[in-house]
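Protein chains in written order, with the working numbering: chain A, 39 to 293; chain B, 39 to 293.
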DNA sequence: GTATGCTATTTCTAAATAAGAAACGAACGG
DNA sequence: CCGTTCGTTTCTTATTTAGAAATAGCATAC
């Protein structure tokens, strides 16, 4: 088997198969049986079974009851807890982000940069806010998200050029910025303002205001307030901005 | 390689090695390098490297910067999010548990039963509470934890006997109940009261009051309030009980 | 009670993969 | 410029895996 990106032989074929199986389990509507897994991934049933046995032994999956359905194991909660803790910004910023959620009554997000993508570390939903589709651990493009743009705006010229060389500006919505020139211009404004407004560039009908968490050139991440754009008027947007800036200052003081 | 419990051949040797490596990364004080991993797990360096490459390709680990340190990947956040969602009780109970944390000013826990163990799904810490050592995803014995005992107390006679046949009542603290007879007697009281008081039976100096979340014979899990016992007097304990019962009723109504 | 159909599990052997010693390379420091 | 320290690659043997086919387990129907 080959690694598609390096085209070198890739060791650990069983690992790749195990991941395929776990991914299937994780995105299945209902906990699948061996038969169902076998019907959807192109690996033979005996092999799947043997891998599942080992995964169960490791705690990565569990099988429930007489129907032999497979679930992802709670060991992932442990690992995730550890991962979260490697991003100290999460714990530190949490009370302030909760404050921001309460004052705006909208969803507040915290993200970190990983492999040129914004990864959602935490999402604080306001009780009365419509649920957004974003998921913890989910990834967003830097160029299309408010959080990402605040980071890009603070990149050095060289780093930004590097980023742009390795990404293609795909349109996710009609509003996505897809030209480098437009993006450059937008980022300049973001840098000047200190925050980024993203008007349904990443997800239809969702407006988002992002603030960078950067101090002494160290990039800790970014946070944002997001809401369905039909209920965000100019006054509300201004409220997001000023509330966000206040919170940003408080967090930066602690870094 | 053999499965120690069934003594049958175990397929997926690479998986086991991968887990060993990830476990090492997850519990290391600082993100380890290849050399450090190699020094602590008994697998040769080239093999570890090859497994790490594949793990990185899968997103299970990431390597940072020039120092080539390994971290667990954010993919675990995604998996954990999925795992959490399979336990609908978490989302549903959350606001009430937060209320309980705020009214008691102590740590509130939510657990589910998995493989005859209580698994900690969520922990809501009060700002001023001493940090307890429990971790999300961590497992506790049913017989020694307040949450576990509320579940056991509601098991059928046969199911309880089954459980007791497969567990050995190891002492975790001087207070752990280690005799079946004492446990039976204690569970009877728990059943009568509707809640379980656990006085440092699971962890030294920590007192805990647990409440079952069971409706129409379906076991959803349990929650508890826990605190260092030096600051829990009779009045405070009574407060835990009455506050907990109120919250329990509210949650049960929604199930 | 026993056929019937379905799914999980075991067996078995050619074919693919993994393991680790050794060699190599890159980065650093004196 | 040499020595040291890691990370990486190479290479060959020994081990592991894949999946077809057989089997077992377990319902439900006849």
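Idealized CB from N, CA, C, for every residue including glycine.
Only a predicted model underlies this, so the values are computations on that prediction, with no experimental measurement involved.
Open item on the list: Cβ closer than 8 Å: which chain B residues qualify as neighbours of residue 96 of chain A?
Closed with: Chain-ordered, the chain B residues with CB closer than 8 Å to the CB of residue 96 of chain A read 53, 54, 57.
Task: C-alpha gap between residue 42 of chain A and residue 55 of chain A, whole angstroms - done: Residue placement at residue 42 of chain A is flagged as unreliable, the pLDDT there being 49, under the threshold of 50; a coordinate-derived value is accordingly withheld.
Task: Touch test, the segment 207-224 of chain B against the segment 261-277 of chain B, Cβ-Cβ under 8 Å, three pairs minimum - done: Pairwise C-beta distances place the segment 207-224 of chain B out of contact with the segment 261-277 of chain B, as fewer than three of them are shorter than 8 Å.
Open item on the list: According to DSSP, residue 50 of chain B sits in a beta bridge with which residue or residues?
Closed with: As DSSP reads the structure, residue 50 of chain B sits in no beta bridge.
TODO: Grab me the residues of residue 276 of chain A's own chain with a C-beta within less than 6 Å of its C-beta, minus the 5 sequence neighbours each way, in chain order.
DONE: Taken in chain order, the list of residues that qualify is empty.
- [ ] Name, please, each residue of chain A whose Cβ falls closer than 8 Å to the Cβ of residue 110 of chain B.
- [x] Under the 8 Å cutoff, chain A gives 117, 120, 121, 124.
Task: N-terminal and C-terminal residue of the beta strand (DSSP E) that residue 309 of chain A is part of - done: As shown, chain A starts at 39 and ends at 293. That puts residue 309 of chain A outside it, with no answer to give.
Open item on the list: Is it the case that the segment 280-290 of chain B contacts the segment 126-144 of chain B, given that we only count it when at least three CB pairs across the two stretches are under 8 Å?
Closed with: The segment 126-144 of chain B vs the segment 280-290 of chain B: in contact.
Open item on the list: Rounded to whole angstroms, what is the Cα-Cα separation between residue 232 of chain B and residue 256 of chain B?
Closed with: One C-alpha to the other measures close to 16 Å.
Open item on the list: Which of the three DSSP states is assigned to residue 214 of chain B in this structure?
Closed with: It is coil, neither helix nor strand.
Task: chain A contact for residue 49 of chain B (CB, 8 Å cutoff) - done: Interface residue, yes.
Open item on the list: Can you look up residue 186 of chain B in the DSSP assignment and give me helix, strand or coil?
Closed with: Correct three-state label for residue 186 of chain B: helix.
Task: Where residue 276 of chain A sits in the DSSP three-state scheme - done: In the three-state reduction of the DSSP assignment, residue 276 of chain A falls in the helix class, which pools H, G and I.
TODO: Quick one: grab the DSSP three-state call for residue 118 of chain A.
DONE: The three-state secondary structure of residue 118 of chain A, taken from DSSP, is helix.
Open item on the list: If you follow the beta strand (DSSP E) that residue 69 of chain B is in, where does it begin and where does it stop?
Closed with: That residue, residue 69 of chain B, is in no beta strand (DSSP E); it is neither H nor E in DSSP.
Task: the segment 172-186 of chain B touching the segment 101-118 of chain A, judged by at least three CB pairs closer than 8 Å - done: With the cut-off at 8 Å, the segment 172-186 of chain B and the segment 101-118 of chain A touch.
Task: Sheet register partners of residue 179 of chain B (DSSP bridge) - done: The partner list for residue 179 of chain B (beta bridge, DSSP) reads B:155.
TODO: Using a cut-off of 7 Å between C-beta atoms, extract the partners of residue 152 of chain B located in chain A.
DONE: Residues of chain A with a Cβ closer than 7 Å to the Cβ of residue 152 of chain B are, in chain order, 100, 112.
Task: Any chain A beta carbon closer than 8 Å to residue 262 of chain B - done: For residue 262 of chain B, the answer is no, since every Cβ of chain A falls outside 8 Å of its Cβ.
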